[in-house]
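Encoded as structure tokens, the structure appears first; notes follow it.
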Amino acid sequence: MLITNANIGIPFAPNFIISEFWHGIDFELDDNLIKAAQVFRDWHKKPISIIRTYAPSDGWGYHVQKLAIDLSPTNVNEKVKFHNDYSEEILKYYKGERGGLIEKLRMLGITGFGIESAGNHFDKRPGNTCKITDKYGAFTIFVWDGYIDKTTGKVISTKNYSLAPKDLR
Ligand SMILES: [Zn+2]
């Protein structure tokens, strides 16, 4: 769908309008990335803010390629719980539990799941760059500035990318 500064609704993402995905430049965004944002909205059951989509000025990464979205609860007081709940969903999926948030996103072709202090990142990176596999193909989990404690499932922020556990990528 063409993302532009239009204040109109999106049929397959009823809680969002097109301009929420727009940050100053018109661009084409994969419909499934928008549907995935709605999946997060349905899971959280409260307003979600789209904080980053296409970012051509980034040096590298999937925002440059129009393949990534960052989002966060609109109410900043919900942010820590949202982060922790998302990391728990990722960990459950990693351990083989199915039927939750992550499987719904996998069914939409989402392959990159990232936890960042600024918000939760997801993308559609090529499968051949991913190391974990499930019945939908290959995918990747990463923590940008911390790591997932495998015992508690909580995100531990370190602000140091190199400390992310390699086996969860
Ligand atoms: Zn991102």
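Going by my numbering, the first residue of the sequence shown is number 24, and it counts up by one from there.
Idealized CB from N, CA, C, for every residue including glycine.
Note that the structure is a prediction, hence the values are computed from the model and not measured.
Top-ranked residue by Cα proximity to Ser-72, from Asp-65, Phe-136, Asn-98 and Phe-50: That would be Asn-98, whose Cα lies nearest to the Cα of Ser-72.
Straight-line gap, Pro-37 to Asn-143 (C-alpha atoms, nearest Å): Answer to the nearest angstrom: the Cα atoms are 20 angstroms apart.
Same chain only: Cβ atoms within 6 angstroms of Tyr-159, ignoring 5 sequence neighbours per side: Taken in chain order, the residues that qualify are Arg-129.
Per-residue DSSP class, three states only, for Ala-161: It is a strand residue.
Beta carbon of Gln-61 nearer than 9 angstroms to that of Phe-35: The answer is yes: Cβ separation under 9 angstroms.
C-beta contact flag for Met-24 and Asp-54 at 9 angstroms: Note that the C-beta distance between Met-24 and Asp-54 is below 9 angstroms.
Reference Leu-116; option with closest CA among Thr-156, Ile-40, Phe-39 and Leu-52: For clarity, residue 116 is Tyr in the given sequence; the question names Leu instead. It is Thr-156 whose Cα lies nearest to the Cα of Tyr-116.
Any non-hydrogen atom of ligand 1 closer than 8 angstroms to Tyr-116 Cβ: Tyr-116 has its Cβ no nearer than 8 angstroms to any heavy atom of ligand 1.
For Val-87, the three-state DSSP class (helix, strand or coil): Val-87 falls in the coil class under three-state DSSP.
Pairwise C-alpha distance: Thr-174 and Asp-49: Going from the Cα of Asp-49 to the Cα of Thr-174 covers about 43 angstroms.
Exposed unless 16 or more other CB atoms sit within 10 angstroms - verdict on Gly-137: Within 10 angstroms of the beta-carbon of Gly-137 lie 16 or more other beta-carbons, which makes it buried.
Runs of beta strand (DSSP E) lying entirely within the stretch 71-143, each at least 3 residues, in chain order: Those beta strand (DSSP E) runs which fall completely within the stretch 71-143 and span 3+ residues are 71-75, 91-96 and 135-139.
Whole-angstrom distance between Phe-105 and Ile-57, CA atom to CA atom: Rounded to the nearest angstrom, the two C-alpha atoms are 19 angstroms apart.
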